[in-house]
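The sequence shown maps to residues 5 to 512 in our numbering. All C-beta atoms, glycine included, are put in the ideal place defined by N, C-alpha and C. Source: prediction; values computed, not measured. Take a look at the structure below.
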Amino acid sequence: MRSLRILCVQLGFHEAYPDASTLATTYNDGIYYVASFVQREFPDAEVEMCQMFWGEKPEDFPLGSYDYIMISALATHFWSNIETLESIRRGKRPDCVVIMGGPHAAFAPYEALRYADYAVTAEGEIPAVQLIKALEAGDPVTDVDNLAYIGAGGELTLNRIARYGSLDTAINPKFLKNAPKLHWATVSMSRGCPFACSFCYAIRLLGRRFRTKTAEDVRSELDAIYRQTGCNRFYVTDLNFTTRKDYCREIAETFRDRDYKFIAMSRVNHADDMELVLDLKRSGFEEYCLGVESEDASVLQAFNKRVDPSEQTRRLLRFAENDIAIHSAIIFGLDVQDRQAIEATAYWCAEARIMHPVFVCLAEYPFQNLLYGARQDVEDHRIIMEVPTYQHYSFVGIFPRHMRPSDLQRGILDSYEIFFKRAFEVETRPQRRARLKAYARSVDRGREGMRQHIRFLERLEKPYYTAAGTLREDALKADFDARHGELRDWLARSAKGSDVEFVKRYAR
5 MRSLRILCVQ
15 LGFHEAYPDA
25 STLATTYNDG
35 IYYVASFVQR
45 EFPDAEVEMC
55 QMFWGEKPED
65 FPLGSYDYIM
75 ISALATHFWS
85 NIETLESIRR
95 GKRPDCVVIM
105 GGPHAAFAPY
115 EALRYADYAV
125 TAEGEIPAVQ
135 LIKALEAGDP
145 VTDVDNLAYI
155 GAGGELTLNR
165 IARYGSLDTA
175 INPKFLKNAP
185 KLHWATVSMS
195 RGCPFACSFC
205 YAIRLLGRRF
215 RTKTAEDVRS
225 ELDAIYRQTG
235 CNRFYVTDLN
245 FTTRKDYCRE
255 IAETFRDRDY
265 KFIAMSRVNH
275 ADDMELVLDL
285 KRSGFEEYCL
295 GVESEDASVL
305 QAFNKRVDPS
315 EQTRRLLRFA
325 ENDIAIHSAI
335 IFGLDVQDRQ
345 AIEATAYWCA
355 EARIMHPVFV
365 CLAEYPFQNL
375 LYGARQDVED
385 HRIIMEVPTY
395 QHYSFVGIFP
405 RHMRPSDLQR
415 GILDSYEIFF
425 KRAFEVETRP
435 QRRARLKAYA
445 RSVDRGREGM
455 RQHIRFLERL
465 EKPYYTAAGT
475 LREDALKADF
485 DARHGELRDW
495 LARSAKGSDV
505 EFVKRYAR
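Structure (structure tokens):
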């Protein structure tokens, strides 16, 4: 095989819509695992990383010299960087192959393929290698896993979905050589989640089978990242790190002698085993991103969340009592959530001692049931598409039936005011108050973007609501059909939503 040159690109956020989360200073680890796996499988290849989160730009690289360009993006990254994608298309060689992965390519491959030759619809390491090997050998790509592309007949083609066993891929620290001082380094220790929360796209990317790396491999990976970057704080991107208690104890023991700190994702019932929580805390697990979402039973039921809401406050208070800081995404936008309910939820977050709530809109990708047979909580025509804030944290992305999108966005903005006011009244411990102040500063970075989005929504929503604020859904749907009906009909000709075997594998 010829010696390959490969550029990996992580698209960044729009400057007007910065990420307000406390994890915004890190990096998305997915493309680093893909790049590292590709480098391991093709040791003679020259693989480079362009990280737009850190100010790097693809046009600063010799685009005309690469054989493959691999791009990773969330929806907001995609729509914030159309000009960048155009510059890549202009600057690359005609025979250079562009591959796009990440959530946007997975759930909107028809959009990704406007700028890429291939889109990856689930885990990407093995498919990337399969694809490169097939193309280099001149073989058809029909057997490449998790691949979407435009077929010879001009139709969208979706290859089979594959779920893999444990992958021992570690991030190659050379891809972090240009990193600025990181507040957190991002890694994964396991993949998959056995639960089926309806809003969770991550299980559709990574599957529901829980798979772990070995504790020793994880330690070697983190030690290497620490040596390269000097960062000793790690954001663990596992969907549900505490799925297996025995694995948690093994990880706790493995890192007992390290001075590392961790944020990990888990469920709120992790508080029921405080002995394990404290064991992990002794090894640096002092923060968790918990799947709380709401204190309202009807909201949790709508999301297929199988937790007892009556126990949530007690569990959250137990974390606070033991100096465990909790992050959580709190979801708004359902028909059962009026403005009063939104404000009450924001107040409850402070009462329950959540340290870092991120108030988000329930936004989805359109055509998911059509393409994949996946559940959708929001109909296609109510989704606000093709804007930089699409699928982006604290920005409204739907047309609610009971309140204007701009009013929902104001509710999200006001929720932070309500939360911080009450949280500073409730919290007396200096360390926790300092954390709240730091989080308030990070939220302030996103306020002007939210106000800008309110002005955008006011223009967008004007034709679709009555004077009383009721959605004129027939008008909205008619306009959606006029704009996107042809696309929907094209997708329907090759969609997998009615393919029983495909849907069964996709839901695993």
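Restricting to runs no shorter than 3 residues, where is the beta strand (DSSP E) found entirely within the region 365-426?
none
Taking 8 angstroms as the cut-off, decide whether the C-beta atoms of Ser76 and Ile175 are in contact.
no
In terms of residues, what are the limits of the alpha helix (DSSP H) holding Phe266?
Note, Phe266: premise wrong, no alpha helix (DSSP H); beta strand (DSSP E) at 265-270.
The beta strand (DSSP E) with Ser332 in it runs from where to where?
329-336
Let's test the definition: count the other Cβ atoms within 10 Å of the Cβ of Lys181 and tell me whether it reaches 16, buried, or not, exposed.
exposed
For the putative contact between Tyr292 and Ile267, defined by C-beta atoms under 8 angstroms, what is the C-beta separation to the nearest angstrom?
Sure, about 7 angstroms apart at Cβ, within 8 angstroms.
Pull up the CB-CB distance for Thr241 and Asp23, whole angstroms please, since I reckon it's below 8 angstroms.
The Cβ separation is near 15 angstroms, so there is no contact.
Using only alpha-carbon positions, find the residue among Arg195, Arg6, Cys235, Leu491 that is nearest to Ala141.
Arg6
I'd like to know whether the C-beta of Val507 is nearer than 8 angstroms to at least one C-beta of chain D.
Note that chain D does not occur in the displayed structure, where there is just one protein chain.
Return the Cβ separation of Tyr397 and Val362 in integer angstroms, given the expectation that the two are a contact with Cβ distance under 8 angstroms.
About 6 angstroms separates the two Cβ atoms, so the contact holds.
Would you tell me roughly how many angstroms separate the C-alpha atoms of Gln134 and Val148, rounded to the nearest one?
6 angstroms
Counting beta carbon pairs with one atom in the region 60-77 and one in the region 95-102, are three or more of them shorter than 8 angstroms?
The way I'd put it, the region 95-102 does touch the region 60-77; three or more beta-carbon pairs between them come closer than 8 angstroms.
Identify the residues that DSSP records as bridge partners of Asn293: which are they?
According to the sequence provided, residue 293 is Cys. The question's Asn does not apply to it. Looking at the DSSP output, Cys293 shares a beta bridge with Met269, His331.
If you draw a straight line from the C-alpha of Ala112 to the C-alpha of Tyr205, how long is it?
In a straight line, the C-alpha of Ala112 is about 12 angstroms away from that of Tyr205.
Classify Ile422 as buried or exposed, calling it buried when 16 or more other Cβ atoms lie within 10 Å of its own Cβ.
buried
Per DSSP, the bridge partner or partners of Leu151
DSSP lists Val124 as partners of Leu151.
Helix, strand or coil at Ala189 according to DSSP, with G and I counted as helix
strand
Considering Cα atoms alone, identify which of Met56, Glu355, Arg262 is closest to Lys425.
Glu355
Do Ser270 and Leu294 have their C-beta atoms within less than 8 angstroms of each other?
yes
Beta carbon of Thr125 nearer than 8 angstroms to that of Ala166:
Going by C-beta atoms, Thr125 is not nearer than 8 angstroms to Ala166.
Own chain partners of Ala188 with C-beta closer than 8 angstroms, once the 5 adjacent residues on each side are dropped
First, the amino acid is wrong: residue 188 is Trp here, not Ala. Correct list, in chain order: Leu27, Thr29, Thr30, Cys235, Arg237, Phe238, Tyr239, Ile267.
Pairwise C-alpha distance: Asn273 and Val311
8 angstroms
Please classify Pro361: does DSSP put it in a helix, a strand, or coil?
strand
From which residue to which residue does the alpha helix (DSSP H) around Cys353 run?
Cys353 -> alpha helix (DSSP H) spans 343-355.
Among Thr161, Gly401, Val507, Arg436, nearest to Glu290 - alpha-carbon criterion
Comparing Cα-Cα distances from Glu290 to each of Thr161, Gly401, Val507, Arg436, the minimum goes to Arg436.
If I follow the unbroken beta strand (DSSP E) through Arg9, where does it start and stop?
9-14
For Ala116 and Lys466, I'd like the C-alpha separation in whole angstroms.
30 angstroms
Check the DSSP bridge columns for Met53 and list the partner residues they point to.
Cys12
Return helix, strand or coil for Val311, following the three-state DSSP convention.
coil
Quick check on the burial criterion: 16 or more other C-beta atoms within 10 angstroms. Buried or exposed for Thr474?
exposed
DSSP beta-bridge partners of Tyr72:
Answer is Ile10, Val101.
Would you decide whether Glu127 is buried or exposed? Buried here means 16 or more other CB atoms lie within 10 Å of its CB.
buried
Can you tell me the Cα-Cα spacing of Asp99 and Asp71, whole angstroms?
7 angstroms
So, for Lys249: in the same chain, excluding its five sequence neighbours on each side, which residues have a beta-carbon less than 8 angstroms away from its beta-carbon?
Asp277, Leu280
Specify the secondary structure class of Thr30 as computed by DSSP and reduced to three states.
coil
Report yes or no: do three or more beta-carbon pairs, one from the region 370-377 and one from the region 500-508, lie closer than 8 angstroms?
yes
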